[in-house]
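Visitor: In my numbering, the protein residues as written are 38 to 408.
Where is the CB? At the ideal position from N, CA and C, for every residue including glycine.
Have a look at this one before I ask anything.
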């Protein structure tokens, strides 16, 4: 705890340090000979004691012309640690915190651990973009930039910097979502070397539109799979109605997932294994230029093709804004119909005004054959 120390009639705030071997101290001039005023100024120093011990240099109101407490020199590492503590205190999910730390580490690799945070400018950010061009995807760079922007705004709010620099994300070409056609799905399902379990997993994601990790955070309530808000990208609870066959597949997926954990393996590595197997299967089936997330895109375009209702697709995808969903409405419907001949009868039913349960037309011929 900071205490008073008097030297040559002048008072100082004394903060004791212990490095594991010997006792040390930091003296902060209170610039007064009055004990009453010294006690008042000591009270202003105490809230910053932890940061001072960490090596952060403060300028107090009696030491500057601004008449307020400011940071003289705050490195990106010091500010980053305080930022992560604040994010943890906000109750963010562990995966989100890890993602935040990855972005901060990416920034430190470019500018250095001891770079003063107040010296981060638009030019610094432009250097960051240049450094990672060709190393990360444009989308990956923008994910890091979003966190860096949040970090700098937080630094401004805390008084570590005067004003957060304004910068733009990397421009990304407006590319339509990639989806798998009926023929490509059939080619994957026809692979003799692909384990039946993984075929079922691929079909489950194709028919539910769930993201890679979401099924393993869900709980079953009747025919509904409930995924808590903390475990969804949009941070809002999601409810997905399942068919009897989909429930069976989900139970099998959870059995494999729990068995994986019982063997002492990291939970997050189970979904990653599935993405690797999907990529390998696509290569074997000569279904090129696809990633696992394309199963979710496939679900969306199929739903739009059958319902012709972008708002229903928005609800099924769990999007907060229909703007996010509108990318699936850019496709020519005739082209989609040719890519998904298995949906022809359902499209006709909708055009004739026949009301079909939305999950019914997810039962593809491929899945029925597989089962």
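For residue 111, name the three-state secondary structure that DSSP assigns.
Guide: The answer is coil: DSSP assigns residue 111 none of H, G, I, E or B.
Visitor: Go through its chain and collect everything with a Cβ distance to residue 275's Cβ below 6 Å, but skip five positions before and after it.
Guide: Excluding positions up to five away in sequence, the list reads 264, 269 and 355.
Visitor: In this structure, what does DSSP give as the bridge partners for residue 157?
Guide: Answer by DSSP bridge pairing: none, since residue 157 is not bridged.
Visitor: Going by DSSP, name the residue or residues bridged to residue 50.
Guide: Answer by DSSP bridge pairing, in chain order: 41 and 65.
Visitor: If you scan the stretch 229 to 306 from start to end, which runs of the alpha helix (DSSP H) of 4 or more residues do you find wholly inside it?
Guide: As far as the stretch 229 to 306 is concerned, its whole alpha helix (DSSP H) runs of at least 4 residues are 233 to 245 and 281 to 299.
Visitor: Should the stretch 64 to 80 be called in touch with the stretch 42 to 52, which here means at least 3 C-beta pairs below 8 Å?
Guide: These segments touch.
Visitor: Residue range of the beta strand (DSSP E) that residue 96 falls in?
Guide: Looking at the DSSP string, the run of the beta strand (DSSP E) that includes residue 96 is 94 to 96.
Visitor: Between the Cα of residue 328 and the Cα atoms of 84, 243 and 101, which residue gives the shortest distance?
Guide: Considering only alpha carbons, the answer is 243.
Visitor: Could you tell me which residues DSSP puts in a beta bridge with residue 55?
Guide: Answer is 60, bridged to residue 55.
Visitor: In the structure shown, what three-state DSSP assignment does residue 130 receive?
Guide: In this structure, residue 130 counts as coil in the three-state DSSP scheme.
Visitor: Quick one: does residue 382 have its CB under 7 Å from some CB of chain D?
Guide: In the structure shown, chain D cannot be found, because there is only a single protein chain.
Visitor: Compute the distance between the beta-carbons of residue 220 and residue 336, then report whether it is under 7 Å.
Guide: No; because the gap between Cβ atoms is not below 7 Å, this pair is not in contact.
Visitor: Measure the C-alpha to C-alpha separation of residue 108 and residue 61 and round it to an integer number of angstroms.
Guide: Looking at the two C-alpha atoms, the distance is approximately 22 Å.
Visitor: Could you compute how far the alpha carbon of residue 282 sits from the alpha carbon of residue 383?
Guide: Answer to the nearest angstrom: the Cα atoms are 20 Å apart.
Visitor: Is the beta carbon of residue 106 less than 7 Å from the beta carbon of residue 120?
Guide: Result no, Cβ atoms of residue 106 and residue 120 do not sit closer than 7 Å.
Visitor: Among residues of its own chain, excluding the 5 on either side of residue 191, which ones have a beta-carbon nearer than 8 Å to its beta-carbon?
Guide: Correct list, in chain order: 120 and 123.
Visitor: Can you round the beta-carbon distance between residue 197 and residue 111 to whole angstroms, since I take them to be within the 8 Å contact cut?
Guide: Rounded, the Cβ-Cβ distance is 5 Å, consistent with contact.
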